[in-house]
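Some notes on the structure that comes next.
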Amino acid sequence: MRILIVEDHDLLRERLGRALQARGHEVLLAADGATARAHAAAEPTHAVVDLRLGEEDGLAVLADVREVVPDLVSVVLTGYGSIATAVEALRLGAVNVLQKPADADMVLAAFEKADLPPLHETSEYVPPTLARAEWEHIQRVLADCAGNVSEAARRLGIHRRTLQRKLQKHPPRD
940 MRILIVEDHD
950 LLRERLGRAL
960 QARGHEVLLA
970 ADGATARAHA
980 AAEPTHAVVD
990 LRLGEEDGLA
1000 VLADVREVVP
1010 DLVSVVLTGY
1020 GSIATAVEAL
1030 RLGAVNVLQK
1040 PADADMVLAA
1050 FEKADLPPLH
1060 ETSEYVPPTL
1070 ARAEWEHIQR
1080 VLADCAGNVS
1090 EAARRLGIHR
1100 RTLQRKLQKH
1110 PPRD
């Protein structure tokens, strides 16, 4: 596989790239949309795209890369996913939407699911738990505040220390 990783967080991009290279895959790294669009000429077979690339929309970058490589198998990474963004990502051709932090095994498993037949229409939707929904909402508000905990706490209507305690916990797995 030739995998394009589009992630603005340097540490995550580098670690994921090294882990995928160690598993025998060719990796192209991009920190922004312009670099990702340039790497599209190398015709990657797979892509991992962050939903938010600083001020840039990862879904727009994915759409641009798919214009060059129409059969691209892609996965979208997000720290604050919602059903609406997941649906939009799938509409643009992503095979899966993964919550951050995602490791190489999770990404490869998501790519493998692209080869599986679709699920039966009778499979039931399992809604996220209240803890998961709260965690995602907090992460979204925190991202909208550029990581400013005091401003995020004000927008959430909770005390700053309460928000800090919630952020120290690991995200729910469900």
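The opening position of the sequence shown corresponds to residue 940 in this note's numbering, with each subsequent residue numbered one higher. Every residue gets a Cβ at the ideal spot worked out from N, C-alpha and C, and that includes glycine. The structure presented is a predicted model; accordingly, all values stated were derived computationally and were not measured.
By alpha-carbon distance to Gly997, the top candidate from Val1036, Ala980, Leu967, Val966 is Val1036. Between the C-alpha atoms of Arg976 and Thr1024 there is a straight-line separation of about 21 Å. About 5 Å separates the beta carbon of Lys1039 from that of Leu1016, a gap short enough to meet the 8 Å contact definition.
Judged by their CB atoms, Val1034 and Phe1050 are nearer to each other than the 8 Å cut-off. Spanning the alpha carbons of Arg1100 and Glu965 requires a straight line of approximately 44 Å. Under DSSP, Ser1013 takes part in a beta bridge, and its partners are Ala986, Ala1033. Between Met940 and Thr984, the CB-CB gap stays under 8 Å. Burial check for Glu946: the Cβ neighbour count within 10 Å reaches 16 or more, so the residue is buried. Taken through DSSP and simplified to helix, strand or coil, Asp996 comes out as strand.
For Glu1006, the number of other beta carbons within 10 angstroms of its own is below 16, and it is reported as exposed. With at least 16 other beta carbons inside 10 angstroms of its own, Val1004 counts as buried. The residues Ala1091, in chain order, have a CB closer than 6 Å to that of Leu1081 in the same chain once the five nearest residues on each side in sequence are set aside.
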